[in-house]
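Down below is the structure, laid out as structure tokens.
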Amino acid sequence: MAFVMTVARGVCLIKVLVVDDHDLVRTGITRMLADIDGLQVVGQADSGEESLKKARELKPDVVLMDVKMPGIGGLEATRKMLRSHPDIKVVAVTVCEEDPFPTR
Numbered sequence: 001m002a003f004v005m006t007v008a009r010g011v012c013l014i015k016v017l018v019v020d021d022h023d024l025v026r027t028g029i030t031r032m033l034a035d036i037d038g039l040q041v042v043g044q045a046d047s048g049e050e051s052l053k054k055a056r057e058l059k060p061d062v063v064l065m066d067v068k069m070p071g072i073g074g075l076e077a078t079r080k081m082l083r084s085h086p087d088i089k090v091v092a093v094t095v096c097e098e099d100p101f102p103t104r
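Just so you know, the sequence shown maps onto residues 1 to 104 in the UniProt record's numbering.
The following block contains the structure:
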């Protein structure tokens, strides 16, 4: 599978779609990525359903996908997205609500 990037002004741009049901998280990730040369956040989605629409519309190279969302969760949205857009790379993003290192 080839990884194709958009070239603008002599710079390779990796188009990123940020998907999370929390506005604060989407905004924070978008702001962090804005400072990285070669990355362009082309859109945001607040649900798995919306991520599928945005992927069709915006044709991102990479999707940062929240795993746990209401409705179609990130894993199911990823499966559906990759069926119709197999070249998109998806990075799963999640917050662990439980302590991953329990005290003994």
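From the three backbone atoms N, C-alpha and C, an ideal C-beta is built for every residue, glycine too.
Asked: Short of 6 Å in beta carbon distance, which residues of its chain neighbour Asp20, apart from the five on each side in sequence? Order them along the chain.; Found: Arg26 and Asp66
Asked: Pull the bridge partners of Gly43 from the DSSP assignment, please.; Found: Leu17
Asked: What's the C-alpha gap between Lys54 and Gly38?; Found: 21 Å
Asked: Nearest to Ala45 by CA position, among Pro86, Leu82, Leu24 and Leu13, is which residue?; Found: Leu24
Asked: In the DSSP assignment, find the alpha helix (DSSP H) that holds Asp23 and state where it starts and stops.; Found: Asp23 to Ala34
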